[in-house]
Structures are given as C-alpha cells and as structure tokens.
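Colleague:
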Amino acid sequence: MNRYFIVLLSTFSLVFTGLPLLSAQESATEEFTLEEITVTAQKREENQQKVPIAMEVITGEQMNEKGMNNIDEILKDVSSAIINSSSDGMRVAIRGIANDNSTQKGQTVSTPTVAVNIDGAYNSSNTAGQALFDIERVEVLSGPQSTMYASNSPGGIVNIVTASPKTDKYSASGSIEYGNYNLLNLQASVNVPVVQDKVALRAAVNMNKRDTYIDGGNSTTAEDAKSARLKALYQANDELSITLTGNYSKSGGGGGMGGGVVMFDNQDEVDDPWTASNADTGNNTSDRTSKGLSAEFAWEMGFASLTVVPSYSESEQSQFETMEVRNGMGPDATTTYEDAYRDNENVQKGAEARMASSSDFTLFKWILGGNYYRSEDTRGTDYVDPDAFDESNTNEQKSKAVFANITYPVSGRFRTTGGYRYSWDSMNNIESARNAPGGLTNATTYSTQEYSHPDYKLGVEYDLAENSMIYADRSTSYRVNAMGSTDDPPERMVSYTVGAKNRFFDNK
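Everything in the sequence shown is counted per my numbering, starting at 295 for the first residue and increasing by one.
1. Whose C-beta lies closer than 6 Å to the C-beta of Val452 among residues of the same chain, with five residues either side of it excluded?
2. Taking the alpha carbon of Ser469 as the point to measure from, which residue in Asn502, Lys460, Asn446, Val432 has its own alpha carbon closest?
3. What span of residues does the alpha helix (DSSP H) with Gly450 cover, start to end?
4. Using C-beta distances below 6 Å, list every residue in its chain close to Phe697, excluding the 5 sequence neighbours before and after it, in chain order.
5. What residue range is occupied by the uninterrupted beta strand (DSSP E) comprising Leu662?
6. Would you mind stating whether Asn722 and Thr742 have Cβ atoms separated by less than 8 Å?
7. Under three-state DSSP, which class holds Met787?
8. Out of Lys337, Leu477, Ser717, Asn393, point me to the one whose CA is closest to Ala516's CA.
9. How many whole angstroms separate the CB atoms of Asp637 and Ser612, which I take to be in contact at a CB cut-off of 8 Å?
10. Please list, in chain order, all residues of the same chain as Gly733 whose beta carbon is under 7 Å from its beta carbon, the five residues on each side excluded.
11. Given a cut-off of 8 Å on the beta-carbon distance, is the pair Glu639 and Glu610 in contact?
12. If you reduce the DSSP assignment to three classes, tell me which class Asp654 lands in.
13. If you reduce the DSSP assignment to three classes, tell me which class Gln490 lands in.
14. Of the residues Thr675, Ile352, Pro703, which one's Cα is nearest the Cα of Tyr635?
15. Using a Cβ-Cβ cutoff of less than 6 Å, which residues in the same chain neighbour Ile391 once the five nearest sequence positions on both sides are dropped?
16. For Thr537, collect the residues of the same chain with a Cβ closer than 6 Å to its Cβ; drop the 5 residues on either side in sequence, then sort them by chain order.
17. Buried or exposed: Pro487, going by 16 or more other Cβ atoms within 10 Å of its Cβ?
18. Would a C-beta distance cut-off of 8 Å place Ile661 and Lys337 closer than the cut-off?
19. What did DSSP end up calling Gly354 once you bin it into helix, strand or coil?
20. If I follow the unbroken beta strand (DSSP E) through Asp532, where does it start and stop?
21. On a Cα-Cα basis, can you pick out the residue from Glu355, Thr353, Glu330, Gly354 that is closest to Gln343?
22. Using only alpha-carbon positions, find the residue among Gly596, Val455, Val641 that is nearest to Phe655.
23. Ser769 and Lys751 - do their beta-carbons sit closer together than 8 Å?
24. In the DSSP assignment, find the unbroken beta strand (DSSP E) run with Ala433 in it and report its ends.
25. Just to confirm my understanding: we take Ser607, look at its own chain, exclude 5 residues before and 5 after, and list those with CB closer than 6 Å. What are they?
26. Within 10 angstroms of its Cβ, does Phe799 collect 16 or more other Cβ (buried), or is it exposed?
27. Assign Arg786 to buried or exposed, taking buried as 16 or more other Cβ atoms, counted over all protein chains shown, within 10 Å of its Cβ.
28. Can you give the beta carbon distance from Ala244 to Ala498, rounded, assuming they're within the 8 Å contact cut?
29. With DSSP as the reference, label Asp366 as helix, strand or coil.
30. For Glu760, which residues does DSSP report across the bridge?
31. Compare the beta carbon distance of Ser599 and Ala530 with 8 Å and say whether it is the shorter of the two.
32. How far does the beta strand (DSSP E) with Val410 in it extend, from its first residue to its last?
33. Take Ser418 as the anchor and find which of Glu744, Glu690, Glu755 has the nearest alpha-carbon.
34. Figure out for me which residue from Arg773, Arg504, Glu594 has the closest Cα to the Cα of Asp532.
Take a look at the structure:
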C-alpha cells in the first residue's frame, strides 16, 4: 500500500511543482529585484532593511518549501544559532549565549536565554515552537531586546507570527508529505470572511506521524501528534481590531520524558548504536495535551497605537515508564529498573500592554509598555512499588516589568536611540516526597529567590545612502539564575553590536 501511496504523491508533486516552473519561464524576461520584507521586530510594521537589529527572517513559504515544522529545523540554517536537546526540551542558543544550567527533577529552573514569542505572547517552556504550521514568518533577533519586549532574554528573541484571518477573500491551502519510517505530515488551512471587511475566521490543522527509529524498544521515539488552531478577527473600524486565537494539540505514543538509546559506556555490548536501552524496553506510553487562548486588542488613536496582548496556556503530560534507578555512587553502584507513573502540568498566564508612536503625528519614534507573566510547572513521580521514594516538584516563576524605547532623528540621516527597562522577578520551588530518606513519611522543602534590576540600551544609526545604513548599540540584560542559595546573583550581560544593512545595483 505504501508503494501506491508514494506513486500518488509523486504524481501530485510533479503536477503542482511544474506550474511554478512554467510561470518562471514566462516571467524570465522581467527584471529581478529583491523582495521587501515587512517585520514587526520593533512593535511596528517596518522594512527589515531599515531596522537596526541583527536579525534573520524565515517566511512561511520558505518553511513549506523545506518542510520545516519545528524551531530546531528553522534555526539550523540561521547563522550563530545552535539547538541542543535535554530532558526538559530544547535549549536555544544565539551568538553563544546558551542555557547550560542543569535541570532539577527534570525541570528547567532558570529563565531561557532566548525567548520564544507566539503571536506576541511570551512562552517560557522549552517545548515552545514545536509542530509549527500555517506560519506567516519567523523573526530571529540577536542580542538583548529587553527595552521593547516582555521577556528579559540575553541571547535574543524568536518571534513566531501565525497567518492572520483576512476579511476580504476566501482562501484554502493544504500539503501532504511522506517519508521514511512511514513519516506522514498533513497540513491544511481555510480562511472565511464571515462579514465582508468586518469579521473573518481562519482555521488550520496539522497531523504528524512517524514510526520509531530505535531497534529493540517500543515506540519511544515515534511521533503521533495532532494540532489545530482557530483565529477570529473583528475589524470594528479603521482604528479598532480584535483578534482571538485558540489552539489545541495532542500527542501520544512512546515515552516522552525519558528513555532513549543505550548509553555509550555500555556500547561494548551493542553492535548497533541505535538500540534501545534497558529502561526503554518496557511498556512505555506517553500522552501530552496542550491548549491555549490569546488575544490582541489594537487601537489606533492617531498620535499612537495601543496594543494589549493577554494570554493563557496549559499543558499536561502523563506517562508510564520503566525508569533506570542508580543505587549508590561510583563503580560499586548498582542499577535497577522500576515502573513509575510520571505527570507534568504547566500553566502560564501573561499580559502585555504597550503604546507605540505614529510616524504621522510625532517627530521621533517611541514605545512605552509594561507586562506581567506567571508560570507554574509541577512534575510528580509515583512508583508502582509502594515502598519506593515518590516525589513531586513545583517551580513557580513570576515576572513583571516596565520598558520604554525612544529613537530621535538628529538629522535627516543620523538617529540616536535610548531604551530603559526595570524588571522584578521571583522563582519559587516546592519539593515534597513520600517515604523520604531518613525515615520521614513526608518531607517538604521550600526555596525562594527574588531579583530586581534595571537594563538599558544606547544606539546610533546613520544612512550612508538610500539603501545603505550602518548602526551600533550597547545594551544590557540579565537572567534569573537556577535554584540554589538565595545569595546567588542573577547572570548579567553587556552586549555590543556593530552592523550594516545594504542593497546594491538598484535592489538587484
């Protein structure tokens, strides 16, 4: 059956990929010019070439052409970006600014060095940016952007912008991808103007399935995920618009919190390195469900625009796993395998409000805003053995900040920028255990760390010509450290950037 399926897909691809080739031949005589890319890196629509930030933009068309569905696939072609995987998800690093802190009970205990924003809503989870579909563009900004964003992220920002509803036209699209290990990826979207020029709906769905690539185990590395998104736009008038976004995803299959291939120190017993470890040969199962709701209220007031972005998301993962438990330390340590139920729950709430100047009413550009964010992540392990050491760990993060950024034109070509931010952060950890060491029936420990810190940005821009700009800036940032002593200071960074953006030969 797979053979006929591949033939069908091949025919489908030849027909539809041939159409752009014919179109390209017909327009070969037309003069080529570079595409103008509009971004919102500075919280207003601008030409990418006019934004004094080191950044790269990946469009939705590029993602579809290369089959990109996740952040790690998108960033692998971005200069100075590196993705590492760990037990708590992906670790994104830009310009070498990496989150190399260890996890506590399998959980992240520090804020990410690179923030991921989806439709303007910040998400601190290391699993953010998975199963992307129906995307308009992804903006990757290098260096601290603390004076314009809700998150204080030293490494940079990844802005994911999903496709928005259109009130003036019907549209639909879809794609099918098939690969080895029975990979099957389906995507589809539809746009419906419910009330012409007033109300529109856009629905998008995604399904991704693939068999495991590890021999000797169960489906730990298999994929079976389904996602859906519904966006509604209400354009009350030329000044006021409201966008609501709801999303839901569910994945299942093998264990998602642990397991994997045989450790390298045991490879003398294994001919094929892609062989499941002993802890991965049990009846591992895992189910993950995520859902969220966000909104954007945009009001054009003439002299400025007011934008409010509230968001809420929650996820839950349940897993039955055969875990490898090491008893003791050093060469005399023994290993046993215990069955356990593991649950992970994460809830995030946030809101950002900002005002940005209108270029038609003010001499200089400015932005003023504030944000609030709270995340609670709880992870528990319950062993089947009633005498085993069960445990639960909760990490709670709270953050609020005010920020402002001003760009003033000293002359027609020369501009200066000043930005300021003040942040208040706290991290709380609650750890509880049953049958704890020392004979305690129950044991609970608490730890709290609180920080507050100012950050700033100073920059200059100069237009050498109409399509040539040089810029430089000095910016600061800090990051809440991992759990530990309350005397641990936050990580601080000072970043210097010098760059140039140019287009030559009449934009060719």
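Glycine included, C-beta positions come from ideal geometry on N, C-alpha and C. Note that the structure is a prediction, hence the values are computed from the model and not measured.
Modeller: This is what the structure holds:
1. Val410, Val434
2. Asn502
3. Run containing Gly450: none in the alpha helix (DSSP H); it sits in the beta strand (DSSP E), 450-456.
4. Thr441, Gly663, Arg715
5. From DSSP, the beta strand (DSSP E) with Leu662 extends over 659-677.
6. yes
7. strand
8. Leu477
9. 5 Å
10. Only weak support exists for where Gly733 lies, its pLDDT of 44 falling under 50; the coordinates are left without a value.
11. Contact annotation: Glu639 and Glu610 have beta-carbon atoms nearer than 8 Å.
12. coil
13. Assignment of Gln490 by DSSP, reduced to helix, strand and coil, places it in the coil class.
14. Thr675
15. Thr407, Pro448, Gly449
16. Leu527, Glu590
17. buried
18. yes
19. helix
20. Per DSSP, Asp532 belongs to no beta strand (DSSP E) and is neither H nor E.
21. Glu330
22. Gly596
23. yes
24. Sequence inspection shows Glu at residue 433; the Ala mentioned does not correspond to that position. First-last of the beta strand (DSSP E) with Glu433: 429-436.
25. Gly586, Gln642
26. exposed
27. exposed
28. One cannot answer for residue 244 here, as it falls past the ends of the chain, which runs 295 to 802.
29. helix
30. Glu760 is not bridged to any residue.
31. In this structure, the beta-carbon distance from Ser599 to Ala530 does not fall below 8 Å.
32. 408-412
33. Glu690
34. Nearest of Arg773, Arg504, Glu594 to Asp532, Cα basis: Glu594.
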